[in-house]
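Each residue of the sequence shown is one higher than the last, beginning at 1 in UniProt numbering.
All C-beta atoms in this analysis are idealised placements derived from N, C-alpha and C, irrespective of residue type, glycine included.
Note that this is a predicted model, so its numbers are computed, not measured.
What follows is a short report on a single structure.
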Amino acid sequence: MRVLRSFGWPAFAAMLLVLSGLAGQRALAQTATPADMSPVGIWKQIDDKTGEAKSLIQISEVNGELTGKVLKVLKSRKGPNPLCDKCSGALKNQPVTGMEILRGMKPDGSSWSGGTILDPKSGRTYRCD
């Protein structure tokens with residue numbers, strides 16, 4: 001399982017843009033393979049302030065684009081099944097678990113760009129340019 005130390009959702013989006021760099025850092029300890037550079041897989045979001053795991057996020061590649069959904073909320077002040085009460089539109093008051101929070105990122109050389117990422121805590125959507 002890949003572990004992402006998050007500084008918040010905007011940083012999560014930024015980290016997706018430089019995943020090749022993460023694979024390069026891992027190469028210090030071992031030889032990186034192309035599979036190591038792929039963001040596809042299950043990521044554990046870690047709170048930098050507490051060091052605790054907050055959620056599991058599954059990143060998939062569908063039709064050449066990255067999508068990401070919350071598999072499980074591990075720690076939340078709103079309990080084990082929080083709702084996206086600050087989201088708007090169709091996502092308003094929907095369960096965070098199962099929610100698609102990343103969509104539309106496309107390959108851009110050795111990284112990924114474009115698309116959007118949703119921060120369920122604030123309800124804000126960020127562009128991943």
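If I follow the unbroken beta strand (DSSP E) through residue i, where does it start and stop?
{"i": "Pro-80", "result": "Here Pro-80 belongs to no beta strand (DSSP E), and DSSP marks it neither H nor E."}
{"i": "Lys-44", "result": "41 to 47"}
{"i": "Thr-50", "result": "Counting along the chain, Thr-50 falls outside any beta strand (DSSP E), and DSSP gives it neither H nor E."}
{"i": "residue 141", "result": "As displayed, the chain neither begins before 1 nor continues past 129, which places residue 141 out of reach and without an answer."}
{"i": "Thr-125", "result": "124 to 127"}
State the DSSP-derived secondary structure class of residue i, mapped to helix, strand or coil.
{"i": "Met-37", "result": "helix"}
{"i": "Pro-107", "result": "strand"}
Kindly give me the distance between the Cβ atoms of residue i and residue j, rounded to whole angstroms, as I take these residues to be in contact under 8 Å.
{"i": "Leu-66", "j": "Ile-42", "result": "Actually they are not in contact, since the Cβ atoms of Leu-66 and Ile-42 sit about 14 Å apart, beyond 8 Å."}
{"i": "Lys-75", "j": "Lys-54", "result": "5 Å"}
{"i": "Met-105", "j": "Cys-84", "result": "Between Cys-84 and Met-105 the Cβ distance is about 20 Å, and since that is not below 8 Å, they are no contact."}
Can you tell me which residues form a DSSP beta bridge with residue i?
{"i": "Ser-60", "result": "Thr-67"}
{"i": "Leu-102", "result": "Gly-68, Ile-117"}
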